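Below is one structure, written out as structure tokens, with a few remarks after it.
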Amino acid sequence: MTLSSLIDAALFACTMSITGRYILACWLYPFKPHKRCGGTGGHRGMGGIRLCHGCDGTGRVLRLGRRLHNAYTRVRHDIRVDRRRAQDRRRELDR
Ligand SMILES: [Zn+2]
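Position in the sequence shown (from 1) plus 667 gives the number in the numbering used here.
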């Protein structure tokens, strides 16, 4: 084993560790505090305290990884539903 391949293996292990921890964080804590309002859900505006538009006053937003996961899950679900409908249509035509 050369030094270069050892460094590559260490780099790969480090990247996988960071990715794994981020995926775990997205699964355990899908929301993070909204940066613009600091997680308070409001800000001072004209006429007093107003709800934050970025987080709709919740003070929380979905993590990027969780948004990507949700989009992927939604697309997979839509594909499955389309396939099922196509199968049903084929069955109807076969009768
Ligand atoms: Zn906010």
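Using N, Cα and C, we set each Cβ at its ideal position, and we do this for glycine too. Here the structure is a predicted model, which is why all the values come from computation and not from measurement.
Inset, instruction - With a threshold of 8 angstroms, establish whether the CB of G708 neighbours any heavy atom of ligand 2. - result: With respect to ligand 2, the structure offers nothing, as its ligand set consists of ligand 1.
Legend entry - Where H774 sits in the DSSP three-state scheme: Not covered by the structure: residue 774. The range shown for the chain is 668 to 762.
Inset, instruction - Return helix, strand or coil for G715, following the three-state DSSP convention. - result: In the structure shown, the three-state DSSP call for G715 is strand.
Inset, instruction - Return the CA-CA distance between L760 and G705, expressed in angstroms with no decimal places. - result: C-alpha separation (whole angstroms): 57 angstroms.
Inset, instruction - Mark V728 as exposed unless 16 or more other C-beta atoms lie within 10 angstroms of its C-beta, in which case mark it buried. - result: By the 10 Å Cβ count, V728 comes out buried.
Legend entry - beta-carbon I703 near ligand 1 non-hydrogen atom, thresh 8 angstroms: Just to set this straight, residue 703 is Arg in the shown sequence, not Ile. Taking non-hydrogen atoms of ligand 1 into account, the C-beta of R703 is found less than 8 angstroms away from one of them.
Inset, instruction - Provide the residue(s) that pair with L729 in DSSP beta bridges, ordered along the chain. - result: F698.
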